[in-house]
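For the sequence shown, this note's numbering assigns the number 143 to the initial residue and increments by one for each residue that follows.
Ideal placement from N, C-alpha and C gives every residue a C-beta, glycine not left out.
For clarity, every value in this text was computed on a predicted model and none was experimentally measured.
Taking it in order: structure first as structure tokens, then the write-up.
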Amino acid sequence: MGIFNRKTKTPEVAPVAAPSNSQNLSELVLKSIREGVLIVSEQGNVTLANPMACTMIGHDANELVGISVTSGVTFVDKSGNAIAENANPIIVGLRTGEVGEHRDLSLLNVRNNKTTPISLIVTPTNGAGSSVVVTMRDIAQELKEESERMDFISTASHEMRTPVASIEGYLGLAMNPATATIDQRAMEYLNKAHESSQHLGRLFQDLLDTTKLDDGLIKVRMEPVELASLVKQYADAQIPNIQAKGLTYQFGSGNNQAGGSAMTPLYYASIDRDFLQEILNNLIENAIKYTPAGGIAVTVTGDEHSCRIIVADSGIGIPRDEIEHIFQKFYRVDNSDTREIGGTGLGLALVKQRVEAMGGQIWAESEQGKGSQFIVMLPRLSGEAYSQQKFLFDNQQAQAANSTPQPQQ
Ligand SMILES: Nc1ncnc2c1ncn2[C@@H]1O[C@H](COP(=O)(O)OP(=O)(O)OP(=O)(O)O)[C@@H](O)[C@H]1O
Ligand SMILES: [Mg+2]
Numbered sequence: 143m144g145i146f147n148r149k150t151k152t153p154e155v156a157p158v159a160a161p162s163n164s165q166n167l168s169e170l171v172l173k174s175i176r177e178g179v180l181i182v183s184e185q186g187n188v189t190l191a192n193p194m195a196c197t198m199i200g201h202d203a204n205e206l207v208g209i210s211v212t213s214g215v216t217f218v219d220k221s222g223n224a225i226a227e228n229a230n231p232i233i234v235g236l237r238t239g240e241v242g243e244h245r246d247l248s249l250l251n252v253r254n255n256k257t258t259p260i261s262l263i264v265t266p267t268n269g270a271g272s273s274v275v276v277t278m279r280d281i282a283q284e285l286k287e288e289s290e291r292m293d294f295i296s297t298a299s300h301e302m303r304t305p306v307a308s309i310e311g312y313l314g315l316a317m318n319p320a321t322a323t324i325d326q327r328a329m330e331y332l333n334k335a336h337e338s339s340q341h342l343g344r345l346f347q348d349l350l351d352t353t354k355l356d357d358g359l360i361k362v363r364m365e366p367v368e369l370a371s372l373v374k375q376y377a378d379a380q381i382p383n384i385q386a387k388g389l390t391y392q393f394g395s396g397n398n399q400a401g402g403s404a405m406t407p408l409y410y411a412s413i414d415r416d417f418l419q420e421i422l423n424n425l426i427e428n429a430i431k432y433t434p435a436g437g438i439a440v441t442v443t444g445d446e447h448s449c450r451i452i453v454a455d456s457g458i459g460i461p462r463d464e465i466e467h468i469f470q471k472f473y474r475v476d477n478s479d480t481r482e483i484g485g486t487g488l489g490l491a492l493v494k495q496r497v498e499a500m501g502g503q504i505w506a507e508s509e510q511g512k513g514s515q516f517i518v519m520l521p522r523l524s525g526e527a528y529s530q531q532k533f534l535f536d537n538q539q540a541q542a543a544n545s546t547p548q549p550q551q
């Protein structure tokens, strides 16, 4: 588990008389809980709104019940723009019948015109086209605490990098025969100390990187590329580490489109090179770490609209109920297979941030004891779009090289 456990405050609920039957009990629960609950019919109309939902939305229950959910409830994104109807998570839940969980939206209160960040869960009652149950929780305080934690981590890791760099430097001097004389045994001890200080340095760097992207301090620099060749280049750089563990390695690039030609297709996408390299390094590092024997395969494939990078291993796998958590900061699966393997649980959080910052998605599929697959999906560019974007990108590069640095807007 992560080192930071999320604290949830237990709401103080006034004591109430025991309910006489189960309907009363349900009503009592809905009235007393601190989460907003809505039920929305298959036609998209509100059929129930509990008191907390009414407080959060700024309408009375009799104003909400019976009206279309899109006219009664407004969600806004991080930039303060109202969410379009076809992207409204409730409408999406009604259409697809899939459970949706969101932590990146705010709810507009029509009475005071204020927005509140919420955790939103949309649960269809019976698949696509059925009514949905919507729960909304105010997470303003949670986000504030998270941001304070991140500030602390960012400052602390920044401060701690300097002494670590100094330790590294002196260890380097001590281990260099040109600058110091030490015996074989001392060299072994210093080697161990050196490995640990490098690990510590990487940990601080990871901590800094995750907090920087959270704060928007790292800018994404998108560039149109042919993805398969670049992924191969970055993945091949890990071959020595893969072989050092005695694992096999395969790279493949294939066409999933029906009627695809036998020729290797070109997968064009817009990516940030540094991000892509970090993503592959982390995924392959995990594949090596969590695979005692067998092999690792990296594949680039895709369809008309998307490219997929798949990093697969034949390792220990991930228990089914842990998969949804592994992308959270500091989360590590804790079982007899993993206990001896070191790590901080930050790698995948960093990877997810990077993938999403490039407009992509990542998920894992795994069977315990058999292996895991991490799939990164990125929007695919057509050949024509690639040529246009490449022309513009190359022009911008040439201009930047020719002009003196300008302050950023
Ligand atoms: N390929 C994999 N096979 C099995 N389990 C994996 C794999 N990749 C990740 N995991 C599980 O997900 C957890 C989170 O991975 P993550 O990369 O975020 O952290 P870590 O590897 O423990 O530490 P680090 O921050 O050094 O990367 C791991 O602790 C491990 O339990
Ligand atoms: Mg890792």
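I483 beta carbon less than 8 Å from that of Y432: Contact flag set, yes.
Rounded separation between D202 and P266 - CA only: Going from the Cα of D202 to the Cα of P266 covers about 24 Å.
Distance, M278 Cα to S299 Cα: Each residue's Cα considered, the two are about 35 Å apart.
Where F346 falls, given that 16 or more other Cβ within 10 Å makes a residue buried: By the C-beta density criterion, F346 is buried, having at least 16 other C-beta atoms within 10 angstroms.
DSSP beta-bridge partners of R279: Answer is S261, bridged to R279.
Extent of the continuous alpha helix (DSSP H) run through T197: Unbroken alpha helix (DSSP H) run through T197: P193 to I199.
Alpha-carbon spacing of E368 relative to L492, whole angstroms: Roughly 23 Å between the two C-alpha positions.
Proximity test, R474 beta-carbon vs ligand 1 heavy atom, cut-off 7 Å: Judged by the Cβ position, R474 qualifies as a neighbour of ligand 1 at the 7 Å threshold, a heavy atom of the ligand being closer than this.
F294, DSSP secondary structure in three states: F294: helix per DSSP, three-state reduction.
DSSP bridge partner residues for E507 (one or two, in chain order): E507 is bridged to Q515.
Extent of the continuous beta strand (DSSP E) to which A439 belongs: From DSSP, the beta strand (DSSP E) with A439 extends over G437 to G444.
For H300, three-class secondary structure by DSSP: Residue state for H300 is assigned as helix, using DSSP reduced to three classes.
Alpha-carbon to alpha-carbon, V188 and L170: Take the alpha-carbon of L170 and the one of V188: they are about 19 Å apart.
Near ligand 2: L349 beta-carbon under 7 Å from a heavy atom: No, Cβ of L349 sits at least 7 Å from all heavy atoms of ligand 2.
Closer than 7 Å: L490 CB and nearest ligand 2 heavy atom: Yes, the Cβ of L490 comes within 7 Å of a heavy atom of ligand 2.
Nearest-angstrom Cβ-Cβ length linking M519 and M364, presumed shorter than 8 Å: At roughly 16 Å, the Cβ-Cβ gap does not stay under 8 Å, so M519 and M364 are not in contact.
Residues bridged to E368 [DSSP beta-bridge criterion]: In DSSP, E368 forms a bridge with Y410.
Proximal residues to V234 (C-beta, below 7 Å), its chain only, five neighbours per side dropped: Same-chain partners within the cutoff: G242.
Cβ-heavy atom distance, N477 to ligand 3, below 7 Å: Because ligand 3 does not appear in the structure shown, any question about it cannot be addressed here, the ligands present being ligand 1 and ligand 2.
beta-carbon E446 near ligand 2 non-hydrogen atom, thresh 7 Å: No, the beta carbon of E446 sits no closer than 7 Å to any heavy atom of ligand 2.
Residues that A454 bridges to, as DSSP identifies them: Bridge partners of A454: A439 and Q515.
For E177, three-class secondary structure by DSSP: Here DSSP, grouped into helix, strand and coil, assigns E177 to coil.
Where G242 falls: helix, strand or coil (DSSP): Strand at G242.
N163 - DSSP class collapsed to helix/strand/coil: Note: N163 maps to coil in three-state DSSP.
Any non-hydrogen atom of ligand 1 within 7 Å of S183 CB: In terms of side-chain proximity, the C-beta atom of S183 is found no nearer than 7 Å to any non-hydrogen atom of ligand 1.
N423 CB to nearest heavy atom of ligand 2 below 7 Å: No; taking the cut-off as 7 Å, the Cβ of N423 has no heavy atom of ligand 2 nearer than that.
Contact test: E240 Cβ vs ligand 2 heavy atom, cutoff 7 Å: Not one heavy atom of ligand 2 falls within 7 Å of the beta-carbon of E240.
S524, DSSP secondary structure in three states: In this structure, S524 counts as coil in the three-state DSSP scheme.
Closest by C-alpha distance to A527, when choosing among L206, D476, S338 and A411: That would be A411, whose Cα lies nearest to the Cα of A527.
Close Cβ partners of I209 (< 8 Å) along its chain, the five nearest in sequence each way excluded: Closer than 8 Å at the Cβ level, and outside the excluded window around I209, lie N187 and V188.
Buried versus exposed call for T352 [16 or more other C-beta atoms within 10 Å across all chains shown]: Residue burial annotation: T352 is buried, with at least 16 other C-beta atoms found within 10 angstroms of its C-beta.
Through-space distance from V252 to G459, alpha-carbon basis: Rounded to the nearest whole angstrom, the CA to CA distance from G459 to V252 is 48 Å.
Contact test: E427 Cβ vs ligand 2 heavy atom, cutoff 7 Å: A heavy atom of ligand 2 is found nearer than 7 Å to the CB of E427.
Beta-carbon proximity check, A335 vs V442, cutoff 8 Å: Going by C-beta atoms, A335 is not nearer than 8 Å to V442.
G239 versus K286: straight-line alpha-carbon distance, rounded: One alpha carbon belongs to G239, the other to K286, and they sit about 33 Å apart.
Contact between the segment 259-275 and the segment 177-185 (3+ Cβ pairs under 8 Å): With the cut-off at 8 Å, the segment 259-275 and the segment 177-185 touch.
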